[in-house]
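Notes follow once the structure below has been shown.
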Ligand code: SF4
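The structure is reproduced here in structure tokens:
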């Protein structure tokens with residue numbers, strides 16, 4: 354990750370900023386180094402510095418109730434402080450030559466990225482696919498492909514390089530291979546002695562977010578998968594013996610990963626799967642059909658689906674990972690990736706029989722997270738699940 358961050362400042366390549374589930378492969382095929390502001394937002398959350406910066410953005414008129422990646426990132430820029438400086442020795446946010454966003458995940462990224470396009474006076478392109486799709490039709494894919502292709506002249510102008518389809522195909526191939534390895538990594542925890550927890554996954558997912566389309570990401574997951582498969586073969590889980598298996602739905606609470614991980618493991622409970630880590634599995638990528646396949650993969654992501662499609666995906670994951678209970682994180686500032694607001698937990702329980710718990714919190718802003726209350730709720734939930742198992 355250090356090498357990756359430093360590559361953004363080496364100055365021998367143009368830099369594009371991109372949303373985390375945006376068209377990174379197309380940008381990389383033009384030779385851009387790609388920076389992902391959401392990854393920076395997660396860094397600000399995990400280092401618990403976000404709350405120092407959010408007030409700066411609020412002063413500029415951003416509500417404290419909108420995406421705390423956005424407010425923390427803008428605030429960090431305004432305050433000229435960041436883990437990119439203190440941990441990686443960078444000069445701050447890497448200067449963009451182009452900014453690209455995709456509203457497949459949320460509308461918020463448009464405002465967030467526009468702020469920086471104005472600050473850096475650089476070109477900005479937006480992909481605005483159909484939202485909350487059920488089954489994705491070819492018409493919808495055609496629309497997204499058209500928008501992807503509209504990026505070509507902008508990228509050509511910024512880089513001075515002609516679009517080369519063979520380079521695009523090669524980047525999609527590398528991305529596909531890394532993402533399929535990541536999928537296998539996550540699936541190792543279908544083993545009853547799961548070798549990888551959701552909390553481990555939030556760290557190991559770094560390269561699939563920021564380095565997909567590179568050999569580095571592929572090599573990383575090849576090695577990780579080999580280690581985890583070895584653990585499965587030797588029956589070594591991250592817990593000696595888990596009594597209960599949990600699915601995490603929603604955003605991580607970045608500043609409380611350690612605390613939550615210890616809480617679950619301390620109660621003999623393994624959090625073995627999540628929608629969040631699975632969001633970077635793009636199994637539709639196909640280098641032989643790069644436009645359609647990338648448009649489809651980025652439009653069919655979990656966050657962009659109808660409730661019906663989401664429930665089906667969740668029910669399938671519950672079966673695959675032998676889930677006993679699901680924890681919904683109702684994130685205060687990310688409405689888009691919180692699925693507990695309109696009764697889905699209840700409807701899902703009716704269909705799957707898997708009990709659920711809703712905890713309130715936030716991805717970065719810990720003022721919305723009550724540690725004491727959450728511990729009580731989680732421990733009570735685990736006790737109930739164990740009793741249910743004992744009583745058959
Ligand atoms: S999906 Fe949520 S956390 Fe991510 S950028 Fe959008 S509002 Fe922020």
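In the numbering used here, the protein residues as written are 354 to 745. Glycine included, each C-beta is placed from N, C-alpha and C at the ideal position.
Any heavy atom of the ligand SF4 closer than 7 Å to the Cβ of residue i?
{"i": "residue 562", "result": "no"}
{"i": "residue 430", "result": "no"}
{"i": "residue 689", "result": "yes"}
{"i": "residue 602", "result": "no"}
{"i": "residue 422", "result": "yes"}
{"i": "residue 467", "result": "no"}
{"i": "residue 737", "result": "no"}
{"i": "residue 702", "result": "no"}
{"i": "residue 461", "result": "yes"}
{"i": "residue 716", "result": "yes"}
{"i": "residue 391", "result": "yes"}
{"i": "residue 491", "result": "no"}
{"i": "residue 458", "result": "yes"}
Leaving out the 5 sequence neighbours to the left and right, which residues in its chain are closer than 7 Å to residue i when beta-carbon positions are compared?
{"i": "residue 562", "result": "373, 389, 392, 633"}
{"i": "residue 536", "result": "634, 636"}
{"i": "residue 360", "result": "386"}
{"i": "residue 527", "result": "566, 567, 568, 571"}
{"i": "residue 450", "result": "367, 368, 369, 475, 511"}
{"i": "residue 698", "result": "681, 709, 711"}
{"i": "residue 573", "result": "560"}
Around the Cβ of residue i, are there at least 16 other Cβ atoms within 10 angstroms (buried) or fewer (exposed)?
{"i": "residue 740", "result": "exposed"}
{"i": "residue 672", "result": "exposed"}
{"i": "residue 440", "result": "exposed"}
{"i": "residue 733", "result": "exposed"}
{"i": "residue 703", "result": "exposed"}
{"i": "residue 747", "result": "Here the chain covers residues 354 to 745 and nothing more, so residue 747 does not appear."}
{"i": "residue 712", "result": "buried"}
{"i": "residue 700", "result": "exposed"}
{"i": "residue 435", "result": "buried"}
{"i": "residue 714", "result": "buried"}
{"i": "residue 394", "result": "buried"}
{"i": "residue 767", "result": "Residue 767 cannot be examined here, being either before or after the span of the chain that is shown, 354 to 745."}
{"i": "residue 442", "result": "exposed"}
{"i": "residue 542", "result": "buried"}
{"i": "residue 590", "result": "buried"}
{"i": "residue 731", "result": "buried"}
So, using beta-carbon positions, are residue i and residue j closer together than 8 Å?
{"i": "residue 644", "j": "residue 469", "result": "no"}
{"i": "residue 397", "j": "residue 406", "result": "yes"}
{"i": "residue 578", "j": "residue 538", "result": "yes"}
{"i": "residue 358", "j": "residue 437", "result": "yes"}
{"i": "residue 534", "j": "residue 571", "result": "yes"}
{"i": "residue 735", "j": "residue 620", "result": "yes"}
{"i": "residue 724", "j": "residue 604", "result": "no"}
{"i": "residue 559", "j": "residue 354", "result": "yes"}
{"i": "residue 383", "j": "residue 529", "result": "no"}
{"i": "residue 486", "j": "residue 658", "result": "yes"}
{"i": "residue 595", "j": "residue 547", "result": "yes"}
{"i": "residue 649", "j": "residue 637", "result": "yes"}
{"i": "residue 728", "j": "residue 581", "result": "no"}
{"i": "residue 458", "j": "residue 689", "result": "yes"}
{"i": "residue 626", "j": "residue 721", "result": "no"}
{"i": "residue 738", "j": "residue 678", "result": "yes"}
{"i": "residue 651", "j": "residue 503", "result": "no"}
{"i": "residue 709", "j": "residue 681", "result": "yes"}
{"i": "residue 477", "j": "residue 598", "result": "no"}
{"i": "residue 410", "j": "residue 427", "result": "yes"}
Tell me which same chain residues have a C-beta within less than 6 Å of the C-beta of residue i, skipping the five on either side of it?
{"i": "residue 592", "result": "618, 623"}
{"i": "residue 705", "result": "668, 671"}
{"i": "residue 608", "result": "398, 401, 719"}
{"i": "residue 521", "result": "382, 643"}
{"i": "residue 584", "result": "548"}
{"i": "residue 446", "result": "430"}
{"i": "residue 495", "result": "none"}
{"i": "residue 693", "result": "681, 683, 711"}
{"i": "residue 376", "result": "501"}
Quick one: what's got a C-beta closer than 8 Å to residue i's C-beta in the same chain, skipping five residues either side?
{"i": "residue 655", "result": "628, 631, 632, 663, 666"}
{"i": "residue 742", "result": "596, 597, 677"}
{"i": "residue 338", "result": "It is not possible to answer for residue 338, since the shown part of the chain is limited to 354 through 745."}
{"i": "residue 488", "result": "662"}
{"i": "residue 498", "result": "644, 645, 648"}
Could you tell me whether the Cβ of residue i comes closer than 8 Å to any Cβ of chain C?
{"i": "residue 666", "result": "Judged by its chain identifiers, the structure shown contains no chain C, having just a single protein chain."}
Discussion item. Using 8 Å as the cut-off, can you tell me whether the stretch 477 to 484 makes contact with the stretch 453 to 467, which would need three or more C-beta pairs spanning the two stretches below that distance?
Written reply: yes
Worksheet item: Should the stretch 407 to 421 be regarded as contacting the stretch 684 to 692, the criterion being three or more beta carbon pairs within less than 8 Å?
Response: yes
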